[in-house]
Amino acid sequence: MSPESELEQLAQRFLALASGIQGERPEATVTEALGQAEALARKLSESGASTETRTLAAQLTTALQTWRTVWPRMGSQREFRSAVAREAVQWAKRLSPAAPKTPPPHG
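First residue of the sequence shown: 14, per the numbering used here; consecutive thereafter.
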């Protein structure tokens, strides 16, 4: 898979994460989405992609690790949930200019 398609896939994972948070999905669902995005970011950071892409992916891996670590303590706090969802949408926009500007419906 090319780095560009992996970036697009990562953008979609961030949108799915935002949708899960905004849809007030169970903690386990959000934690799983965080883990999936983190695994993909880690894979990309270790790939043969450009230095810029690998650096960005490493930063994302760190952010996702942090979110996943604190989610069990803070995931019930509305402000924290909103902040993570906002950040996830912003990362999706940065990773893929073609990404939708809002997460998919949480229905």
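For glycine and all other residues, C-beta sits at the position ideal for the given N, C-alpha and C.
(Q) Am I right that Leu53 and Glu19 are in contact with their C-beta atoms under 8 Å? What's the rounded C-beta distance? (A) 7 Å
Q. For the alpha helix (DSSP H) that Pro85 lies in, which residues bound it at each end?
A. Thr64 to Met87
Q: Note down the Cα distance separating Phe27 from Val102, rounded to an integer number of angstroms.
A: 6 Å
Q. Going straight from the alpha carbon of Trp84 to that of Thr44, what length do you get?
A. 7 Å
Q) Would Lys114 be called buried (16 or more neighbouring beta carbons within 10 Å of its own) or exposed? A) Only weak support exists for where Lys114 lies, its pLDDT of 49 falling under 50; the coordinates are left without a value.
Q: Closer than 7 Å by C-beta to Ser109: which residues in its own chain qualify, once you throw out the five before and the five after it? Chain order, please.
A: Leu20, Glu21 and Ala24
Q: Could you check if Ala41 is buried or exposed, using at least 16 other CB atoms within 10 Å of its CB as the buried criterion?
A: exposed
Q. Who are the Cβ neighbours of Trp80 in its own chain at under 7 Å, not counting the five residues just before and after it?
A. Leu47 and Val97
Q: Could you check the C-alpha separation between Gly61 and Arg67 for me, to the nearest Å?
A: 8 Å
**Q.** Collapsed DSSP secondary structure at Ser18 in the structure displayed
**A.** helix
Q. Where do the N-terminal and C-terminal ends of the alpha helix (DSSP H) with Ser58 fall, by residue?
A. Glu40 to Ser58
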